[in-house]
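Engineer:
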Amino acid sequence: VTADRVDEIERETRHDIMALTKAMAEAAGDSGWCIHLGATSNDIVDSAVALQIRDSILLQQITIKKLLATMCDLAERERDTVMLGRTHGQAAVPITFGLKIAVWVDEFRRHLDRLDELTPRVTTGKFLGAVGTGAAQGENAFELQNLIMNNLGLQTPIATTQVVGRDRYIEWVAWMANVSTSIEKALQEVRNLQRSEIAEVGEYFDAEKQVGSSTMAHKKNPITAENACGL
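Numbering-wise (the numbering used here), the sequence shown opens with residue 437 and increments by one.
As structure tokens, this is what we get:
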């Protein structure tokens, strides 16, 4: 089955899964009649989305673990580096830079815990037909669904309709928004502490190559933090 053939059929059917089904049936020859038997489009689409999310979550776990390792090293290295603690943006009492980083470490550990907790709920597929009854698959519909989901490495829903419950996806999206907030909070702190009048923290600046301004040669901007916050 080629993508070109699927696209060609979809231009006629105006339906993505039906186009894929027809293309697969053509390639299957005499066995083509059983392609998509008993299934509905979202049995295919939602299970595929769950696989994509599962792979994305794996990358997110790897990335956060790398970030945690870096921050742990920094917190340990700077555990005795005294700096001014601030509340409401005003001078308070001394803290250490290591403590500031340790707070971020603890926060991202919680994010990782939340991701582990939500993963089984989000990586859920389905194969129970048009309205979730499994009527088209016969009396062994639920056993068939379990076999398919186990083979794919996905969770099986207790009950479903035509689609997998969208609250599952929302939980993951909300988690990403939460992580984004923590990332921006840390980066904003870097930007604030790199202000000329504070100058307690600074991004690496390659003085021989890097430029902070086309007009003001003295500037050393926190460009990496700025760009990341802009996302």
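Beta carbons are placed, not taken as given, at the ideal position from N, Cα and C, and that holds for glycine.
(1) Can you list, in chain order, the residues of its chain with a C-beta nearer than 6 Å to that of G638? Leave out the 5 residues immediately preceding and following it.
(2) If you draw a straight line from the alpha carbon of I594 to that of S477, how long is it in whole angstroms?
(3) Where does V529 sit, in a helix, a strand or coil, going by DSSP?
(4) Under 8 Å, with one C-beta from each stretch per pair, do the segment 589-606 and the segment 483-492 reach the 3-pair mark?
(5) Among A459, D516 and V541, which one has its Cα closest to the Cα of P530?
(6) Buried or exposed: which applies to A613, given that a residue is buried once 16 or more other Cβ atoms fall within 10 Å of its Cβ?
(7) Exposed or buried, what is G565 when buried is set at 16 or more other beta-carbons lying within 10 Å of its beta-carbon?
(8) Is DSSP giving T523 helix, strand or coil here?
(9) Please list the segments of the alpha helix (DSSP H) lying wholly inside the segment 498-584, counting only runs of 4 or more residues, in order along the chain.
(10) Return yes when the Cβ of N628 is within less than 8 Å of the Cβ of I619, no when it is not.
(11) Using only alpha-carbon positions, find the residue among D549, T596 and E446 that is nearest to L504.
(12) Go ahead and pull the three-state DSSP assignment for Q630.
(13) What is the residue span of the alpha helix (DSSP H) that C391 lies within?
(14) Roughly how many whole angstroms lie between the Cα atoms of L510 and H547?
Structural biologist: Result, derived from the coordinates:
(1) Residue 638 sits at position 202 when you count from the first residue of the sequence shown. A distance below 6 Å between beta-carbons, with the five flanking residues on each side excluded, links G638 to the following residues of its chain, in chain order: Q630.
(2) Here the question's residue 594 lines up with position 158 in the sequence shown. Here the question's residue 477 lines up with position 41 in the sequence shown. Each residue's alpha carbon lies about 19 Å from the other.
(3) Residue numbering aside, residue 529 sits at position 93 when the sequence shown is read from its first letter. Note: V529 maps to strand in three-state DSSP.
(4) A contact is defined here as three or more CB-CB pairs under 8 Å, and the segment 589-606 meets this definition with respect to the segment 483-492.
(5) Position 94 of the sequence shown, counted from the first residue, corresponds to residue 530. The shortest Cα separation from P530 among A459, D516 and V541 belongs to D516.
(6) For the purposes of this step, residue 613 is identified with residue 177 of the sequence shown, where counting begins at 1. A613 comes out exposed.
(7) On the sequence shown, residue 565 is found 129 positions in, with the first residue counted as 1. So G565 ends up on the buried side.
(8) Position 87 of the sequence shown, counted from the start, is the residue given in the question as residue 523. T523 falls in the strand class under three-state DSSP.
(9) Within the segment 498-584, the complete alpha helix (DSSP H) runs of at least 4 residues are 533-558.
(10) Within the sequence shown, numbered from 1, the residue matching residue 619 stands at position 183. Within the sequence shown, numbered from 1, the residue matching residue 628 stands at position 192. No Cβ-Cβ contact shorter than 8 Å links I619 with N628.
(11) What you label residue 504 is simply residue 68 of the sequence shown in a count that begins at 1. A check of alpha carbon separations from L504 across D549, T596 and E446 identifies D549 as the nearest.
(12) Numbered from 1 along the sequence shown, position 194 holds the residue referred to as residue 630. In the structure shown, Q630 sits in coil (DSSP, three-state: anything other than H, G, I, E or B).
(13) This structure gives no information on residue 391, because the portion of the chain shown stretches from 437 to 667.
(14) Numbered from its first residue, the sequence shown carries residue 510 at position 74. Numbered from its first residue, the sequence shown carries residue 547 at position 111. About 19 Å.
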